[in-house]
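J.: For what it's worth, this note's numbering labels the leading residue of the sequence shown as 1, then goes sequentially.
Note that the Cβ used here is the ideal one computed from N, Cα and C, for glycine as well.
Just so you know, these numbers come straight off a predicted model, no measurement behind them.
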Amino acid sequence: MSDGYSRTGLELVKRSGYKTRTSQRILVLGWKEFYMNRHQEMAGKASSIIKFVEQCSSSASLEVRDYLKAIEELCSMQLDFKDVELFLFKPELNVVLNLIGLHYCINWLGVPPENVMDALQCSSISERQVSVKWWKVGRWFYGFRLRDESHYRLVSLADLATHKQDVLEVLHRGAVYEVIRVQISVGYPLTNPWTCQGSGSHG
């Protein structure tokens, strides 16, 4: 059981107004059982997200539809900031999973970026890098469609938590309108370039 959860339970007990040792002991055991059960439940949910992302990843890269699906699952499972810090902000995990946790905390939970940054630093993952690459439909020029435009960013988790909101916006929108594909990988460019096949497009 997490020390953070234990402290939270004890703090609630201290505010409860019960004075006798017996009543305090009952309350402490009750809170401990509650947080142990919740910890195990959230650990199981986080584990299912980790497994899903690992199954969807190909050569350490993830398509944005699966990336956003993982975040949707976090929302439905109602993981909070502490859960993300405990289960997804781990240096032994794929950095894409770290990024999913970061994005979920900032855009869905509304955690202040400075708090997310503190958690990244405490978990020793703030300098880990992710590669985000996206493609836009090529423009039309005198009846011919030009080559699809590719864009690429190599950023650290610290950058994303503080001032690289444009990259998070690309991830948040996904493959819509003029953006035809978004791919996330582990800190280096894709070695096998992808092009969209279509009338008048150039590979």
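Find the nearest neighbour of Gln129 within the set Leu109, Leu160 and Ala175, judged by alpha-carbon distance.
T.: Leu160
J.: Once the 5 residues before and after Glu178 are set aside, which same chain residues still bring their CB inside 8 Å of it?
T.: Lys136 and Val137
J.: For Arg38 and Gln183, I'd like the C-alpha separation in whole angstroms.
T.: 34 Å
J.: Nearest to Val111 by alpha carbon, out of Asp83, Glu127, Ile125 and Ser185?
T.: Asp83
J.: Output the boundary residues of the beta strand (DSSP E) element that contains Leu154.
T.: Glu149 to Ser156
J.: With burial defined as no fewer than 16 other Cβ atoms inside 10 Å of the residue's Cβ, what is the status of Lys51: buried or exposed?
T.: With fewer than 16 Cβ atoms within 10 Å of its Cβ, Lys51 is classed as exposed.
J.: Quick one: grab the DSSP three-state call for Phe93.
T.: The sequence given here places Leu at residue 93; Phe does not occur at that position. Note: Leu93 maps to coil in three-state DSSP.
J.: Tell me the DSSP secondary structure of Ile184 in three-state form.
T.: strand
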